[in-house]
Each structure stands twice: as structure tokens, then as C-alpha cells.
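Since the structure comes first, as C-alpha cells, the remarks are kept for the end.
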Amino acid sequence: MPSNELNKSEQYAGLSYKWKTSPSEQYFQHFYDEAMRQLDQPFRNISPYWLRLPIVQECNIGNALGKVIDDEEKFATEIDVSQFMPQELSVKVRDDELIVEAHQQQRSDEIGSIERHFVRRYVLPKDTKRNCVVSHLSNTGALSVSAPKINSPTRSVPNIH
Numbered sequence: 058m059p060s061n062e063l064n065k066s067e068q069y070a071g072l073s074y075k076w077k078t079s080p081s082e083q084y085f086q087h088f089y090d091e092a093m094r095q096l097d098q099p100f101r102n103i104s105p106y107w108l109r110l111p112i113v114q115e116c117n118i119g120n121a122l123g124k125v126i127d128d129e130e131k132f133a134t135e136i137d138v139s140q141f142m143p144q145e146l147s148v149k150v151r152d153d154e155l156i157v158e159a160h161q162q163q164r165s166d167e168i169g170s171i172e173r174h175f176v177r178r179y180v181l182p183k184d185t186k187r188n189c190v191v192s193h194l195s196n197t198g199a200l201s202v203s204a205p206k207i208n209s210p211t212r213s214v215p216n217i218h
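When the letters of the sequence shown are read in order and numbered with the numbering used here, they come out as residues 58 to 218.
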């Protein structure tokens with residue numbers, strides 16, 4: 058074996074010297090690897106079942122943090138609220154805070170009852186026009202909220218003849 062090649066044990070341990078394992082060590086390593094593989098097999102078989110349970114799916118409220126843009130033109134955020142109806146969403150500006158809230162009333166399913174609620178608060182930058190905040194809900198359930206900046210750069214618009 059060339060001197061620059063490392064066996065798996067050396068690669069795993071990050072070691073640069075060579076050693077050989079005894080036959081008994083190799084047997085026990087194989088035995089424990091095989092035992093762990095056999096113990097893991099039942100869980101691999103049922104894991105898709107667990108992922109299909111409604112309670113597991115109901116825990117996912119999407120990406121509540123979302124994408125935030127804060128540049129010289131605007132402050133904007135986009136949040137995945139696809140599991141909420143438009144009437145369950147609320148966007149408010151209070152002082153220097155943008156508040157996005159979603160509340161889904163309690164409803165029953167085959168396991169029990171579910172009620173979802175989340176609040177996401179953003180501190181608006183000082184140079185944001187608070188009275189110009191607009192929101193838009195896309196068909197895919199992405200809520201976009203944006204507000205222009207006070208000193209946003211202006212651009213020339215060509216005259217139409």
C-alpha cells in the first residue's frame with residue numbers, strides 16, 4: 058500500500074500513521090456494524106408512515122422567518138404562509154415594528170384538534186416610510202410585505218410621446 062493512502066480507520070480518526078487491526082477487532086467491528094444495520098432496518102421501514110401522519114404535517118408552519126431585504130430602496134420580507142387562509146393573516150405596523158400574525162381557529166381531525174398561531178415581528182429601519190407598507194399574498198401562499206425607504210434613489214422616467 059502506498060504511504061500516502063490511509064485506511065478507513067485512519068481517515069475517520071484523522072491520523073497520519075498506519076496500524077493494522079487484529080482479526081478479532083475486525084470481527085467485532087463487522088458484528089457491531091451489522092447489528093446496528095439490523096436495528097435500524099425497522100425504523101427505515103416505518104419512517105415514511107410517521108411522516109405521513111397529519112399531526113407531523115400540521116406542525117409545519119412553513120418558513121416563518123422568511124427572506125428579508127433591507128437595502129437603500131426598501132425594506133421587504135417574504136414569508137411562507139401557505140397553510141393559512143388570507144382571512145387568517147394580519148399585517149400591522151406599530152411604532153417602529155412590523156407585525157405579521159396568522160391565527161387558525163381550532164379544528165378537529167381524525168386524531169384530535171388543531172389550532173395554529175404564529176407572530177413574526179420585524180424592527181423597521183429608521184428610514185422606512187411606515188405609512189407606505191404594502192402586503193401581497195401570492196397564489197402559492199408567499200406573503201410579501203414591503204415599505205420604501207425615505208431617501209430611496211429616484212430615477213428618471215422617459216416621457217411618452
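Ideal placement from N, C-alpha and C gives every residue a C-beta, glycine not left out. Every value quoted in this text rests on a predicted model; they were computed, and no experiment measured them.
Could you pull the start and end residues of the beta strand (DSSP E) that residue i belongs to?
i, result
"Pro205", "Ala199 to Pro205"
"Lys124", "Lys124 to Asp127"
"Gln161", "Glu154 to Ser165"
"Arg187", "No beta strand (DSSP E) holds Arg187; DSSP gives it neither H nor E."
"Ile171", "Ser170 to Val180"
DSSP three-state label for residue i, please.
i, result
"Ser81", "helix"
"Asp97", "helix"
"Glu145", "helix"
"Glu135", "strand"
Just how far apart, CA to CA, sit residue i and residue j?
i, j, result
"Glu145", "Ala159", "5 angstroms"
"Ile156", "Arg164", "25 angstroms"
"Glu82", "Ala92", "15 angstroms"
"Leu96", "Ile168", "29 angstroms"
"Arg177", "Thr134", "11 angstroms"
"Phe141", "Ser201", "14 angstroms"
"His174", "Lys183", "29 angstroms"
"Ser79", "Asp90", "17 angstroms"
"Lys186", "Pro205", "6 angstroms"
"Val220", "Val125", "No answer is possible for residue 220: the residues shown for the chain start at 58 and end at 218."
"Phe88", "Gln98", "15 angstroms"
"Gln161", "Glu154", "23 angstroms"
"Ile171", "Asn208", "45 angstroms"
"Arg94", "Asp166", "36 angstroms"
Measuring alpha carbon to alpha carbon, tell me which of the options ends up nearest residue i.
i, options, result
"Val189", "Tyr89, Val148 and Ile168", "Looking at the sequence shown, residue 189 is not Val but Cys. Comparing Cα positions, the closest option is Val148."
"Ser139", "Pro205, His193, Tyr84 and Asn208", "His193"
"Asp137", "Ile171, Ala199, Ile207 and Asn208", "Ala199"
"Leu181", "Pro215, Asp128, Tyr84 and Asp166", "Asp128"
"Leu179", "Tyr84, Gln162, Gln161 and Asp152", "In the sequence as presented, Leu is not what sits at residue 179; that position holds Tyr. Among Tyr84, Gln162, Gln161 and Asp152, the Cα nearest to that of Tyr179 belongs to Asp152."
So, does the CB of residue i fall closer than 7 angstroms to a CB anywhere in chain C?
i, result
"Phe88", "The structure shown contains no chain C; it holds only a single protein chain."
Please report the Cβ distance between residue i and residue j, rounded to the nearest whole angstrom; I am assuming they are in contact, meaning their Cβ atoms lie under 8 angstroms.
i, j, result
"Ser203", "Phe132", "7 angstroms"
How about residue i: is its Cβ closer than 6 angstroms to a heavy atom in the ligand FAD?
i, result
"Val202", "This structure lacks the ligand FAD; in fact it carries no ligand of any kind."
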